[in-house]
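Heads up, the thing below is written out as structure tokens.
Protein chains: 4
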Amino acid sequence: MKLENYHLESHNSERLAKHERQLDFITSEISDAQSIIQKLVDFQIAIPSWALGTGGTRFGRFSSGGEPRNIEEKIEDVGLLHKLNGSSGAISLHIPWDTADNTNAIKALAAQHGLRFDAMNSNTFQDQPDQAQSYKFGSLQHVDKAVRKHAIEHNIEVIRQGVELGSKALTVWLADGSCFPGQLNFRKAFQNTLESLREIYAALPNDWKIFVEYKAFEPNFYSTTVGDWGQSLLYANKLGPKAYTLVDLGHHLPNANIEQIVSLLLMEEKLGGFHFNDSKYGDDDLTAGSIKPYQLFLIFNELVEGMDARGMDHREDLGWMIDASHNVKDPLEDLLQSVEAIMIAYAQALSVDRVALQDAQAINDVARCQEILQQAFRTDVRPLVAEARLRTGAALAPLEAFRTFKVRQELISNRGSKTVATGL
Amino acid sequence: MKLENYHLESHNSERLAKHERQLDFITSEISDAQSIIQKLVDFQIAIPSWALGTGGTRFGRFSSGGEPRNIEEKIEDVGLLHKLNGSSGAISLHIPWDTADNTNAIKALAAQHGLRFDAMNSNTFQDQPDQAQSYKFGSLQHVDKAVRKHAIEHNIEVIRQGVELGSKALTVWLADGSCFPGQLNFRKAFQNTLESLREIYAALPNDWKIFVEYKAFEPNFYSTTVGDWGQSLLYANKLGPKAYTLVDLGHHLPNANIEQIVSLLLMEEKLGGFHFNDSKYGDDDLTAGSIKPYQLFLIFNELVEGMDARGMDHREDLGWMIDASHNVKDPLEDLLQSVEAIMIAYAQALSVDRVALQDAQAINDVARCQEILQQAFRTDVRPLVAEARLRTGAALAPLEAFRTFKVRQELISNRGSKTVATGL
Amino acid sequence: MKLENYHLESHNSERLAKHERQLDFITSEISDAQSIIQKLVDFQIAIPSWALGTGGTRFGRFSSGGEPRNIEEKIEDVGLLHKLNGSSGAISLHIPWDTADNTNAIKALAAQHGLRFDAMNSNTFQDQPDQAQSYKFGSLQHVDKAVRKHAIEHNIEVIRQGVELGSKALTVWLADGSCFPGQLNFRKAFQNTLESLREIYAALPNDWKIFVEYKAFEPNFYSTTVGDWGQSLLYANKLGPKAYTLVDLGHHLPNANIEQIVSLLLMEEKLGGFHFNDSKYGDDDLTAGSIKPYQLFLIFNELVEGMDARGMDHREDLGWMIDASHNVKDPLEDLLQSVEAIMIAYAQALSVDRVALQDAQAINDVARCQEILQQAFRTDVRPLVAEARLRTGAALAPLEAFRTFKVRQELISNRGSKTVATGL
Amino acid sequence: MKLENYHLESHNSERLAKHERQLDFITSEISDAQSIIQKLVDFQIAIPSWALGTGGTRFGRFSSGGEPRNIEEKIEDVGLLHKLNGSSGAISLHIPWDTADNTNAIKALAAQHGLRFDAMNSNTFQDQPDQAQSYKFGSLQHVDKAVRKHAIEHNIEVIRQGVELGSKALTVWLADGSCFPGQLNFRKAFQNTLESLREIYAALPNDWKIFVEYKAFEPNFYSTTVGDWGQSLLYANKLGPKAYTLVDLGHHLPNANIEQIVSLLLMEEKLGGFHFNDSKYGDDDLTAGSIKPYQLFLIFNELVEGMDARGMDHREDLGWMIDASHNVKDPLEDLLQSVEAIMIAYAQALSVDRVALQDAQAINDVARCQEILQQAFRTDVRPLVAEARLRTGAALAPLEAFRTFKVRQELISNRGSKTVATGL
């Protein structure tokens, strides 16, 4: 599938008059529209290679069609998204699913699509065919040193591949934990994991980061060995300055205040990055902003406030990624919706009147504090997000463009209707 | 405190130009703005008498000042709210806290403020001084017939008072339940409660309704005898056509899908009314829309769809009420914020493109369904709500007006700074 | 694998002296030991065919070995369990995974193992290869009549197969629901489902029951169309006297009071049966009693009280089944642990002093009520359960016997180490 | 009320034969009964002064009678409990509710009852009459330095009073937090709190500890400033070696794995102490072990394992306290039940076969790990707990003794039926 510039130009020209009217209105309503638009232009959200195909649950999987069959086609799909929204300029690979021999060709292909390689992801939650050691009872936590060593070496190999591609970070998500009381000695599991992470850390290049992801439950159902932000922070602090905590929105207990966690991790200079998605019950991996859009805004509110307080660069100092699973929607459409929701939340957070908020907080004017945040959230900032797309040559309405230009149909006709993206 | 028309006129005239610009924009964006505005003008949300003062928790209570000291002052406060927002034209009384001798004077006072009397609320969760029977172990569920009889008679007395005032409904919220396994025989507790409700039902005038409220927990911490919508519906069905289920947003287990409950109760013709508030953890009784505004919208989306499908009157066929507790905000400011949030959610729900939604649902176009709801939610409909206020002579910006005209200061100067609204 | 009687006799004779000492002690401690033992002898818990192999999650699956490869081997495995514990005298089949041509041979095989055929389970949550209609967007709820018809016919076919085998019930678990707000019209989904269930109900033989299972979430993550006991009861009541609600312990929102639900469903004469398992977070499908054994006891406490109040037969009037998934344990060992935990909870519930409990409830002596339940729960009733096994010729210590006689090793040697039980 | 030794002797002699039979049995069943009994004799659980009266909820309070009216009567009540169970040899005071002028007399009275003074508790969650600064918007976190200073000085005063009484620890539970998004800057709230705690820490005597308690929500309903163990640990680490985390069982989000938190805090040498209670929904403050007794056992399992691994003294190296609220039971009866449940869980944890467990963990024999824990939990260890009481001269059956000797009736006759324990 090749989406040409003239496609987008025609799409945009049809919508331009309406867009400009909407943009004029919002520009007259908020004070720093131009600055917000520029930040939106700069902001890029990485797409994980495994989110390009249909997901599934333990009960089954219902394919769509035209899914990418290899890393080249995954890059092509992310390129399509980036072409459409101008905000998906990075891909996050998963090893071994995305292991490539032809590194130079892969790099060239990505460059051609304007993509960089975001954090690399290792996999120690599945056994690969003929794997020498099994991760059934954990990987970096395992009671058997030989299994730990196997998992450590895999992570080091992932770093190696990432170095070749120009990635700068390793994300370690561990499924390690236990399903029953008594199964694990929690302390020893922690210490084994720490020792394993130290070996991986030692293999990190100087300009790399390691992100220690946490998750409250699933696929283990009694305990997880990196179960919450507190545990992840313990690991990150013990590992050293290159280690950070990674927050995935779906990885919390019910009712957790994620925005506060974000604020405190920024305070501790240990927030490394984000996996965006949404959920109602558990790690449901739904489209970002589809269930709790106000929470997404509140999280961005803390991100903007906390990063600005530290003088951090919004684009580069944190890792931004989607991590979703698409069971009932076209994966690419779902990703376009997620990116849109994230950009909206970011734009809203940028438009918060911070001086007024600080003043209201300083006198405990709670009703006013609420008004200030709601003012930002209730304002329709979509024209700012659309304008950012327009300025990068992307589509004013990416999902509509995706449908108008029959992208999926062409992918199916090129790739077939029964393809399965590698991996899960 | 008397807020005069000229106050509001001056307030509005200062904001009129800006408002008209915003209204013009939104009117050009959505198709049926005038019809929505008219529905907003008609929509009224009752204010409960107990929400006019500062709330508290089991750990303490921090007063504000100028709280109403009696039913007259409570009516005055709701009158103030209604003057400011044009949408709070009803008061919901709580007996015995609001028992009045001078019914005619009270009715006249309410009429003067343009208020009607919404559902009456009985109280069998506290013992009043020198009460003959104690509700420590429940009221309508109690193992002792004498206690049940006492609680039944109280409810019948509440109906009697309501008839005098012109109310048309009784809301029964029971704190009944148990704190420990074994304390209750669940079946007998249900049957005692049903028998008691039947006696109350028998005392209802023909044009009255009884609302059976449910709540998952608190103040009982193991079981509640009307614990969820399923139990409430059982009671309502066994009682008869005048009995309905009442939904309070805070009375659910974590992650409950409240909008689906609303839809099914409407389907069963047993939804009676609503208590609006918001919460993050339990029955937190926070300002409506302050935590999960998208959920509030989704609930209104079901309400509008379900009521329209049955040809129900939005104004009259359900009972709409706020039930909140204000620990850190001025109670009147908080109520203004709640009403605003409710009106916004209602306006958004009215603006959903229902034909398009049905079409998308009919072909399982999930991404499109989501787009349609998000389109409504992301649109800034506040100018429609403001316009509805303008047309009824209320304030374009009620909270600002409340502050500009120093309403709270005047209430404090009239009533004192140490007043406590009767009740909790 | 053939576990011979002499194996068990030798196993038991080694443990007999110790067992008799323990039995003497408990028999002297509680008043009606003999009656409890007889009820334990009679009590049988069905084993689902899909629980005989290793389960998995969406992240992967780690096999054990020697898993049954077909329905004959599944029957053999349940026969083994029943031989060991004397309490697993039924198998619950899942269609199409267990569809058999040779019904007579299958029936003879089951009879040979002393097994009857429990409720039949239909499957409309997966698409089978080359299936004419897809269940991606639901089955009995589907917007397309053709898909509903396909699912209805499948259920009728399952009844037909069950009739041949001598089963007496159909369990319908629907994965139907939605993943995103707006995807479904809840009311129409309910009505479509009801209409579909009515067609299935019409095909039920007179002596059959249909169990309508409910589940709060998963694999749909926004709504489910039979989401809680209230919805299931609505369906069951609308369907008629052969329709019942089925309770699976893992299918509730956090903190739900399941024992109260059980009590109320018994009161309404609509409790049909049970799926036992345990969980900490969601539908974790862990070993019964492994996480919340007191809850399991409290549920049996309501079952015994409620069934006795109605004069129901403990063995026959409800369907008892395990529904678990084994990710880190040997499936057969896990099932032995589940059955043991269920029998213990049942024995404890049988030993509750009901007269004393009623007396204490009647005077709200809450501390005493708690003491009475805790007395039953804290008593070590395992010798009663072991004695029941001894009397039926089963093993005093089933799990030890399973290991001593190297059952798994023999299964692996017979069947191979890479087998996968059909289905999930 | 004076419970005399001869009362207890007569109580015990009536039960002795039965007790000895039960003790003989359990002693023959487990290997180290004598060592467990000795540890039970040594183990003491502090009673908080505020748990001696009836609690309440925001909806009301139903008194019992004979509640202690002052610190002397509170000490008398704890003395009674200790007389009955031999395990309640400490009282935990709450300032200002328990401020005493006559320190020496108070100390003498406590000594007479065999009680020591456990951790002191400060109160910055309520405004006392005529308090110069209000805690409405927090105390140690407050935006206003003057309020923080007021709260700091209160804590220092509590330390001063504790020093006089011979206490060795300060427990700081902060209600600080926020009710609405935007109300607080989380980072500044944390930093203000830390700065305040540092001033309190500086005032601690060398042999004192400070316990930083965490709580997920209530009385604030959006965020709390010490919200989870991770936050508490951050404070404790930044404060220094005398600062520790305190775990209250009711202060977690739904489904939290508390036993893992306990294990990790012990690993970090930062677990300070415990508040025991039980809950189903939130911080329900129910009787310990009344809802989730297996969880209580699992927590003690980690405590015993973790303390032994560090060579810690079970009696002295952690603070053990009950924190419950009694709405429907006699407070003293409830406390007797809580202590009994705690002692049972401790005895079960002591009886776990640790060597076998380590061996099973080392080979991932998950079924066996579960069996080992269940073996300990299912064993009826109550005779061991009773024997420990017998050896200290306390009652074999404390709750029965409390009733037989009509303790409550005598307290009511001495103190009256309308007393209210000071405080909440």
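Here the protein sequences come in this chain order: A, B, C and D.
The numbering of the first sequence is numbering that gives the first Met the number 0, which starts it at 0 and goes up by one.
The numbering of the second sequence is numbering that gives the first Met the number 0, which starts it at 0 and goes up by one.
The numbering of the third sequence is numbering that gives the first Met the number 0, which starts it at 0 and goes up by one.
The numbering of the fourth sequence is numbering that gives the first Met the number 0, which starts it at 0 and goes up by one.
Glycine included, each C-beta is placed from N, C-alpha and C at the ideal position.
Worksheet item: Could you give the residue range of the alpha helix (DSSP H) that holds D/Trp228?
Response: Within the fourth sequence, numbered from 1, the residue matching residue 228 of chain D stands at position 229. Looking at the DSSP string, the run of the alpha helix (DSSP H) that includes D/Trp228 is 228-238.
Worksheet item: Between A/Arg314, A/Phe404, A/Asn205, which lies nearest to A/Asp117 when the distance is taken from Cα to Cα?
Response: Along the first sequence, one-based indexing puts residue 117 of chain A at 118. Nearest C-alpha to A/Asp117: A/Arg314.
Worksheet item: With C-beta atoms as the reference, is B/Thr431 less than 7 Å away from B/Leu232?
Response: Look at the range of chain B in this structure, 0 to 423, and you will see that residue 431 of chain B is not part of it.
Worksheet item: Which residues in the same chain have their Cβ closer than 7 Å to the Cβ of D/Asp352, if we skip the five residues on either side of it in sequence?
Response: Counting from one through the fourth sequence, the residue named residue 352 of chain D turns up at place 353. Result list for D/Asp352: Ile371, in chain order.
Item to complete: With DSSP as the reference, please indicate the residues paired to A/Arg115 in a beta bridge.
Response: Taking the first sequence and counting its residues from 1, one reaches residue 115 of chain A at position 116. Answer is A/Ala89, bridged to A/Arg115.
Worksheet entry | Nearest residue (CA-CA) to B/Leu193, options B/Gln230, B/Leu164, B/Leu7 | For this step, residue 193 of chain B is matched to residue 194 along the second sequence. Checked all of B/Gln230, B/Leu164, B/Leu7; the closest Cα to B/Leu193 is B/Gln230.
Worksheet item: Using a C-beta to C-beta distance shorter than 7 Å, which residues of chain B count as neighbours of A/Glu332?
Response: As a working mapping, residue 332 of chain A is identified with position 333 in the first sequence. Ala366, listed in chain order.
Worksheet item: If you run the structure through DSSP and keep just helix, strand and coil, what is D/Ile321?
Response: Numbered from 1 along the fourth sequence, position 322 holds the residue referred to as residue 321 of chain D. Three-state result, D/Ile321: strand.
Worksheet entry | Any C-beta of chain C under 7 Å from that of A/Gly226 | Reading the first sequence from its first residue, position 227 is the one you call residue 226 of chain A. A/Gly226 does not count as touching chain C.
Discussion item. Looking at the strands, I want to know which residues DSSP matches up with A/Glu212.
Written reply: By 1-based counting over the first sequence, the position of residue 212 of chain A is 213. DSSP output for A/Glu212 lists A/Leu245 as bridge partner(s).
Item to complete: For the stretch 16-78 of chain D, list the alpha helix (DSSP H) runs that are entirely contained and at least 4 residues long, ordered along the chain.
Response: 32-41
Practice prompt. Grab me the residues of C/Ile35's own chain with a C-beta within less than 7 Å of its C-beta, minus the 5 sequence neighbours each way, in chain order.
Written response: If you number the third sequence from 1, residue 35 of chain C lands on position 36. Around C/Ile35: Ala346, Leu349, Ser350, Leu383.
Worksheet entry | Beta-carbon neighbours of C/Pro397, restricted to chain B and to distances below 8 Å | In the third sequence, residue 397 of chain C corresponds to position 398, counting from 1. Near C/Pro397 there are no residues of chain B at all, since even the closest Cβ is about 29 Å away, more than 8 Å.
Item to complete: Could you tell me how far apart the beta carbons of A/Asp284 and A/Gly249 are, in whole angstroms, since I believe they sit closer than 8 Å?
Response: In the first sequence, residue 284 of chain A corresponds to position 285, counting from 1. In the first sequence, residue 249 of chain A corresponds to position 250, counting from 1. Their Cβ separation, rounded to whole angstroms, is 6 Å, which keeps A/Asp284 and A/Gly249 in contact under 8 Å.
Discussion item. Check this for me: beta carbons of C/Leu114 and C/Ala89, under 7 Å apart or not?
Written reply: Locating residue 114 of chain C in the third sequence gives position 115, where the first residue counts as 1. Locating residue 89 of chain C in the third sequence gives position 90, where the first residue counts as 1. Contact flag set, yes.
Fill in: A/Leu270: first and last residue of the uninterrupted beta strand (DSSP E) it sits in
Start at 1 with the first residue of the first sequence, and residue 270 of chain A comes out as number 271. Its beta strand (DSSP E) spans residues 270-275.
Fill in: DSSP state of C/Gly176 mapped onto helix, strand, coil
The sequence position of residue 176 of chain C within the third sequence is 177, counting from 1. The answer is strand: DSSP assigns C/Gly176 an E or B state.
Item to complete: Could you name the residues of the stretch 34-45 of chain D whose beta carbon sits closer than 8 Å to any beta carbon of chain A, in the order they occur along the chain?
Response: none
Item to complete: Classify C/Asn326 as buried or exposed, calling it buried when 16 or more other Cβ atoms lie within 10 Å of its own Cβ.
Response: Position 327 of the third sequence holds residue 326 of chain C. It is buried - the Cβ of C/Asn326 has at least 16 other Cβ atoms within 10 Å.
Worksheet item: Helix, strand or coil: which one does DSSP assign to C/Asn101?
Response: Position 102 of the third sequence, counted from the first residue, corresponds to residue 101 of chain C. Correct three-state label for C/Asn101: coil.
Worksheet item: Are A/Met320 and A/His274 touching if we call contact CB-CB under 7 Å?
Response: As a first step, residue 320 of chain A is located in the first sequence; it is residue number 321 there, counting from the start. As a first step, residue 274 of chain A is located in the first sequence; it is residue number 275 there, counting from the start. Contact: yes.
Item to complete: Kindly confirm or deny that the stretch 303-310 of chain B and the stretch 299-317 of chain A touch, where touching means at least three C-beta pairs closer than 8 Å.
Response: no
Discussion item. Could you check whether the Cβ of D/Thr56 sits closer than 7 Å to any Cβ belonging to chain B?
Written reply: Reading the fourth sequence from its first residue, position 57 is the one you call residue 56 of chain D. Interface residue, yes.
Worksheet item: How close, in whole Å, do the beta carbons of C/Asn191 and C/Leu139 come, if the pair is a contact with beta carbons under 8 Å?
Response: Taking the third sequence and counting its residues from 1, one reaches residue 191 of chain C at position 192. Taking the third sequence and counting its residues from 1, one reaches residue 139 of chain C at position 140. Rounded, the Cβ-Cβ distance is 7 Å, consistent with contact.
Discussion item. Below 8 Å on C-beta distance, what does A/Leu285 contact in chain C?
Written reply: Sequence index remark: in the first sequence, residue 285 of chain A carries index 286 (1-based). Those within 8 Å of A/Leu285 in chain C are Cys178, Phe179, Phe220, Tyr221.
Worksheet entry | N- and C-terminal bounds of the beta strand (DSSP E) containing C/Thr170 | As a working note, residue 170 of chain C is residue 171 in the third sequence. Segment 168-171, the beta strand (DSSP E) holding C/Thr170.
Worksheet item: Under 8 Å Cβ-Cβ, which residues of chain A neighbour B/Arg377?
Response: Position 378 of the second sequence, counted from the first residue, corresponds to residue 377 of chain B. Those within 8 Å of B/Arg377 in chain A are Ile343, Asp379, Arg381.
Worksheet item: Assuming C/Glu71 and C/Thr418 make a contact with CB atoms under 8 Å, what is their CB distance in whole Å?
Response: Your numbering for residue 71 of chain C matches position 72 in the third sequence. Your numbering for residue 418 of chain C matches position 419 in the third sequence. The Cβ separation is near 13 Å, so there is no contact.
Practice prompt. Check each candidate in A/Met119, A/Glu301, A/Lys187 and name the one with the smallest Cα separation from D/Lys187.
Written response: For the purposes of this step, residue 187 of chain D is identified with residue 188 of the fourth sequence, where counting begins at 1. Nearest C-alpha to D/Lys187: A/Glu301.
Item to complete: Look up D/Thr223 in the DSSP assignment and give the residues it is bridged to.
Response: Against the fourth sequence, residue 223 of chain D aligns to sequence position 224. For D/Thr223, which the question treats as bridged, DSSP gives the partners D/Gly176.
Item to complete: Grab me the residues of B/Ala201's own chain with a C-beta within less than 7 Å of its C-beta, minus the 5 sequence neighbours each way, in chain order.
Response: Against the second sequence, residue 201 of chain B aligns to sequence position 202. Result list for B/Ala201: empty, nothing under 7 Å.
Worksheet item: Run through DSSP, which three-state label would B/Leu349 get?
Response: Here residue 349 of chain B is taken as the residue at index 350 of the second sequence, counted from 1. Reduced to three states, the DSSP call for B/Leu349 is helix.
Fill in: D/Pro204: first and last residue of the uninterrupted alpha helix (DSSP H) it sits in
Position 205 of the fourth sequence, counted from the start, is the residue given in the question as residue 204 of chain D. Looking at the DSSP string, D/Pro204 is not in any alpha helix (DSSP H), and its letter there is neither H nor E.
Worksheet entry | Among A/Asn120, A/Ala50, A/Gly281, the one whose alpha carbon lies nearest that of C/Phe216 | Looking up residue 216 of chain C in the third sequence gives position 217. For C/Phe216, the nearest C-alpha among the options comes from A/Gly281.
Worksheet entry | Short Cβ contact (7 Å threshold) for C/Ser48 with C/Asp100 | Within the third sequence, numbered from 1, the residue matching residue 48 of chain C stands at position 49. Within the third sequence, numbered from 1, the residue matching residue 100 of chain C stands at position 101. No.
Fill in: Boundaries of the alpha helix (DSSP H) in which C/Asp307 is found, first to last residue
The sequence position of residue 307 of chain C within the third sequence is 308, counting from 1. Segment 292-309, the alpha helix (DSSP H) holding C/Asp307.
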